[in-house]
Amino acid sequence: MNPNDQAPSGSDVSSQETAKVAPETTESGPSYLTVTKTFASWALTLDHKRIGLMYLVGVLGMFFLGGVFALLVRTELFSPMPLITPLFAADPGAQADLYNQWFTTHGAIMVFLVIIPGVPAALGNFVLPLLLGAKDVAFPRLNLSSFYLWICGAAFFIYVLFSGGVDTGWTFYTPYSTDTSTAVIPAVVGVFILGFSSIFTGLNFIVTIHKMRPKGMTWFNMPLFLWGTYSTAVIQVLATPVLGITLLLLILERTLGIGIFDPQNGGDPVLYQHFFWFYSHPAVYIMIIPAMGVISEIIAVHSHKRIFGYRYIGYSSVAIAIFSFIVWGHHMFTSGQSTVMNIIFSGITFSVGIPSAIKVFNWIATMYKGSLSLNTTMLYGIAFIFLFTIGGLTGLFLGVLSIDTHLHDTYFVVAHFHYVMMGSALIAFIGGLHHWWPKMTGKMFNEFWGRIACALVFIGFNLTFIPQFVMGSLGMPRRYYTYQDKFEIYHQLSTVGAYVMAVGFFMTAFYLLQSLASGKKAPSNPWGGNSLEWHTPSPPPLENFHGVPSATDPYELDHFDYDPVTGNYSSRTTAGSA
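Position in the sequence shown counted from 1, then plus 641, gives you the numbering used here.
Here it is, written out as structure tokens:
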């Protein structure tokens, strides 16, 4: 039978059939990494695993670039006096403009080129078909097109760096973005192209999950990462076109002056904010929902225990996706919108905390009395829970109208945003990278250095952003390149934390790259997981599986025995039937 043949997704199967364990794979052959080695075989590949790996390399490259600009910003803020901007510009006004370009470039790269595509496009492309037991995604050519659209969008941002930069902030707020002389149009065109990449990826994943599930896999025995990816894909398809239209209107405003957002021509700059946040608040959940799916896999597998409250976690992903479309106004409490609308958006903001809290409580309940493996991957999972909880709670503070009036546009908002985006979405991305690294590369990384790097990232992150909560509550505005002396100690702590975090990230890059050269060969199931990707060799063959896999119960994790010689978890059920 063709490995890509799939049973109808709605087929009825008995509970005994769905709970069975897929047979261990013993066949070997060339992996997807070695089956062909030419440049053209990679550049023109239709294999989802290679496309996912190329996304991963691109995203990590952009992460490095965005991190460089973050360190430039933090270094400049170590002192209230200009510190490193005088090295690039002599005029004080030019120094301030340069600082604006640095934080704009950092924010735009991290949001549009790293965090939004990180989990769905890089990790999702690699593991989603494997989790489904499929040969590939539904539309392989569309998948490759999505990647090259991402490359084109990244190229526009690189062009912006060499054409004077852009200084509007990553949100491109009008009327400043219609008046500034910096390279707004190339940056906006880059984001517009990236939007198409996001839409194509989301459409591909929706069809793949609907139509390519294997025999026995219903909606309620899918791995929870698929629930998160599906909810994210719906947001990508429905919300991203709004951003595209908004950015096209911004380009028309700059080139033709037609008066949509510019008040001098009868436009309304607040209208731009409504359009932008109608996409960009769902975009927050494009970043965080798939990250939550990664954490669900990590917590269950490395606790060696069935996930607690499976249906509630799955439904909460859908609930968050729905809520994401109706809370954009909480970014605009101080914009002059009506009191009634402010009250409505404030109330809905609190409602979003319910499905998010359900996930956190269920992850903690899963760990309770589990057999926890405190390896690098699990440490990132636990770090996510801690950091996401802080990000979520501080979001509730900002949802209170009387508090947000004082904290809006301060460093409190900066810290909250980073706890949700970096401390949660990016930490989950790194945790997922470690979780599936053996499957992606066929190599095991160094656990000792992995734990140390995780600790450095965790300590450095909190040292960076906890002081920002404090100085934000004391009135320190964001996006200022100088400040009053009373805020200096907080900025200095924040800068030291940023460099500690950078050391942790560089250490992570070192031991992961070192594992490619001299790491121990990875077994097929190094963590004791039972979803389908752990029932194929590491790294997988080109067509993913030798034969046609049947659905497993992905969270039936108590029947595996660990072999310390091979480092592999094997099923007692399979061993007994052999």
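The beta-carbon is built from N, C-alpha and C at its ideal position, and this holds for glycine as well.
A straight-line Cα-Cα distance of about 14 Å links leucine 888 and tyrosine 817. By the criterion of a C-beta distance shorter than 8 Å, glycine 900 is surrounded in its chain by Glu894, Asn906, Gly907 and Gly908, once the five residues flanking it on both sides are discounted. With 16 or more other Cβ atoms from the protein chains shown falling within 10 Å of its own Cβ, proline 864 counts as buried.
Taking C-alpha positions only, threonine 1105 is separated from glycine 1188 by approximately 50 Å. According to the DSSP assignment, phenylalanine 1201 belongs to the beta strand (DSSP E) that extends over 1201-1204.
Per DSSP, reduced to three states, the secondary structure at lysine 690 is helical. Beta-bridge partners of threonine 1051 (DSSP): Pro1118.
Annotated as distal: valine 878 and tyrosine 920, with beta-carbon spacing of 8 Å or more. Judged by beta-carbon spacing, histidine 1132 lies beyond the 8 Å limit of leucine 728, meaning their Cβ atoms are not closer than that value. In the structure shown, proline 1178 adopts coil according to DSSP, grouped into three states. Under DSSP, asparagine 1209 forms a beta bridge with Asp1204. Taking the CA atoms as reference points, alanine 1143 sits about 24 Å from threonine 1051. With 16 or more other Cβ atoms inside 10 Å of its own Cβ, phenylalanine 1053 counts as buried. Here serine 672 carries a strand assignment [DSSP, helix/strand/coil]. Taking C-alpha positions only, tryptophan 743 is separated from glycine 670 by approximately 48 Å. A distance of 8 Å or more separates the beta carbons of threonine 819 and aspartate 808. Going by DSSP, lysine 1000 is part of the alpha helix (DSSP H) stretching over 980-1008.
In the three-state DSSP reduction, lysine 776 falls in the coil class, being neither helix nor strand. Here the C-alpha atom of asparagine 862 lies approximately 13 Å from the C-alpha atom of phenylalanine 949. Assignment of beta-bridge partners to lysine 1162 by DSSP yields Lys1084.
Cβ neighbours of phenylalanine 1070 within its own chain (closer than 6 Å, five residues either side excluded): Gly759 and Val760.
A Cβ-Cβ separation of about 4 Å places glutamine 736 in contact with threonine 726 under the 8 Å criterion.
Beyond the five residues adjoining it in sequence on each side, serine 976 comes within less than 8 Å, by CB distance, of Val911 and Gln914 in the same chain, given in chain order.
A straight-line Cα-Cα distance of about 11 Å links phenylalanine 1086 and arginine 1092. Within its own chain, the residues whose Cβ lies closer than 6 Å to the Cβ of isoleucine 939, once the five positions on either side in sequence are excluded, are Thr1018, Gly1022, Gly1072 and His1076, listed in chain order. Here glycine 1170 is near valine 942, since their CB atoms are less than 8 Å apart. The C-beta of proline 855 has 16 or more other C-beta atoms within 10 Å across all chains shown, which makes the residue buried. In the structure shown, phenylalanine 729 adopts coil according to DSSP, grouped into three states. The beta carbons of threonine 1082 and leucine 771 sit no closer together than 8 Å.
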